[in-house]
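Sequence order for the protein chains is A and B.
Just add 102 to the spot in the first sequence (first one is 1) and you have our numbering.
Just add 40 to the spot in the second sequence (first one is 1) and you have our numbering.
Backbone N, C-alpha and C fix where the C-beta goes; we use that ideal spot for every residue, glycine too.
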Amino acid sequence: DVKVTQSSRYLVKRTGEKVFLECVQDMDHENMFWYRQDPGLGLRLIYFSYDVKMKEKGDIPEGYSVSREKKERFSLILESASTNQTSMYLCASSPEKPWEQYFGPGTRLTVT
Amino acid sequence: AQKITQTQPGMFVQEKEAVTLDCTYDTSDPSYGLFWYKQPSSGEMIFLIYQGSYDQQNATEGRYSLNFQKARKSANLVISASQLRDSAMYFCAMRTAGTASKLTFGTGTRLQVTL
């Protein structure tokens, strides 16, 4: 079975802190994704990566950056956390085909 | 631009009944795929079913079936014989050929199965 793990289920940070969210997948997938999920808005894509060191902006990249130094690991970075970044963050990975995405358990981040 | 619309924020269904969750989509790309995911209260997204735009038959996976009406641009999820454990959020999503396997998600429908 594909396994996608995220470093924390719950995280509380202060405004202005630098925050790292880690995601690891064990199926050698090329593609990895970071989403945020907010009530009434569904899942919105922040960034994705289709190869090591390759990244592309999604729909809401402002305030975030990413890093993919190894194929299995995709990190989301909040350079200076703000209260409007309080949300559920979901990581996913997928092979090139058939494109089904496998999700991690999510990290609920609260910025105070 | 791709768009997914789920117009039902919440639905109730009695145990053992069938329920249909609506999903309409908008794309100008002739090649696309449609997905349904389930998100129980634990938070993890679970893949349920996939339909390709060129698939001739509607997809089925156990109690889940996808009612694909291409001309209407709809991809409704049908759950037969609902069970209490089906209570969850359900998301419809779409991938188009030119988007490097990115998915566009709808806003979701919360399904509550009652006794």
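Contact with chain A by residue i, beta-carbon distance below 8 angstroms
i, result
"residue 83(B)", "yes"
"residue 50(B)", "no"
"residue 90(B)", "yes"
"residue 108(B)", "no"
"residue 146(B)", "yes"
"residue 43(B)", "no"
Own chain, CB closer than 7 angstroms to residue i, minus 5 neighbours either side, in chain order
i, result
"residue 169(A)", "177, 179"
"residue 103(B)", "119, 120, 121"
"residue 160(A)", "147, 148, 149, 150"
Own chain partners of residue i with C-beta closer than 8 angstroms, once the 5 adjacent residues on each side are dropped
i, result
"residue 154(A)", "170, 171, 172, 173"
"residue 198(A)", "132, 133"
8 angstroms contact criterion, which residue i and residue j should meet: CB distance rounded
i, j, result
"residue 155(B)", "residue 55(B)", "6 angstroms"
Three-way DSSP call (helix, strand, coil) for residue i in this model
i, result
"residue 187(A)", "helix"
"residue 128(A)", "coil"
"residue 117(B)", "strand"
"residue 124(B)", "helix"
"residue 103(B)", "coil"
Own chain partners of residue i with C-beta closer than 6 angstroms, once the 5 adjacent residues on each side are dropped
i, result
"residue 175(A)", "126"
Bridge partner(s) assigned by DSSP for residue i
i, result
"residue 134(A)", "151(A), 195(A)"
"residue 133(B)", "75(B), 145(B)"
"residue 159(A)", "149(A)"
is_contact[residue i, chain B] using C-beta, thresh 8 angstroms
i, result
"residue 108(A)", "no"
"residue 163(A)", "no"
"residue 196(A)", "yes"
"residue 190(A)", "yes"
"residue 203(A)", "yes"
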